[in-house]
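Before any comments, here is the structure.
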Amino acid sequence: MELGKICVSIAAAAAREQAGAVLDAADVIEIRLDSMAEPEVAKCCSLLRKPLLFTNRPTWEGGQFAGSEEERIAPLLEAVRLRAAYIDLELRAALADRHRLLEAMENSPTRMIISWHDFQSTPSAAELTGILHQMIASGAHIGKIVTTAHGPSDVLRVLALQEQARAAGFCLSCFCMGEAGRISRLATLYLGGYMTYACLSDAQATAPGQISVARLRELNALLR
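In terms of the numbering used here, the sequence shown opens at residue 267 and continues consecutively.
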């Protein structure tokens, strides 16, 4: 059984110090540009010889970037020009910015992950399906739906999206934040999830309930 990828999320400001550890552990490295005072896309591309995912998460989607959308999108366009493996763009972002990035990708191997997060709760099954359908119609290559779980029923609703995405031929990463959602970060890999997200250590988690990559690989080894 071929499992999905493990993406290790790091604060871009620490990329140089953590390069060795990340290269050994990750299938994909997520660079959180919103953690940097100045985005250093080119430096990250030259330093980390692994598939890179560039994310510049705005404050309105739980990130740290508080500038204009023009300033936020610029380093993502640079990542496309430098042929990074992935960029992340929020489903709530302006359509014009999405189209601009997709147009730039026409001559690039870069793939867009279109993401949606709920840091408070998990919507109903109907609402989640609606979000998935928006992603499928968006033109993006991969979807990412992340909610906050308060119990097992929340986790099951989110993971059920994986079968819907498979039936539609759409690549999807979906799991839950929070302690109740920790199991979903592993389970999604066994249900057809495109990718799950881990941290180098518990102290370096970039989202609630994130599991360290070492623990995730230990659990995978036990299950396989």
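For each residue, glycine too, the CB sits at the ideal point set by N, CA and C.
- Cβ-Cβ separation between aspartate 354 and serine 381: approximately 5 Å, consistent with a contact (criterion under 8 Å).
- An exposed status is given to arginine 349, since fewer than 16 other beta-carbon atoms sit within 10 Å of its beta-carbon.
- Taking 8 Å as the cut-off, the beta carbon of cysteine 437 is found closer than this to the beta carbon of glycine 409.
- Going by DSSP, glycine 409 is part of the beta strand (DSSP E) stretching over 408-414.
- By the neighbour-count criterion, in which 16 or more other beta carbons inside 10 Å mark a residue as buried, glutamate 344 falls on the buried side.
- Judged by their CB atoms, glutamate 445 and glycine 417 are not nearer to each other than the 8 Å cut-off.
- Listed as beta-bridge partners of leucine 348 by DSSP are no residues whatsoever.
- Taking C-alpha positions only, leucine 299 is separated from arginine 377 by approximately 17 Å.
- For lysine 271, the uninterrupted beta strand (DSSP E) segment begins and ends at 271-277.
- When Tyr463, Ala434, Leu368 are compared, the shortest CA-CA separation from leucine 398 is found for Ala434.
- Excluding five sequence positions before and after alanine 277, the CB atoms of its chain that fall closer than 6 Å to its own CB belong to Arg298, Ser301, given in chain order.
- Listed in chain order, the non-local C-beta contacts of leucine 319 below 8 Å within the same chain comprise Cys273, Val294, Ile295, Glu296, Ile297, Ala350, Ala351, Tyr352, Ile353, Asp354, Ile379, local neighbours out to five positions each way being set aside.
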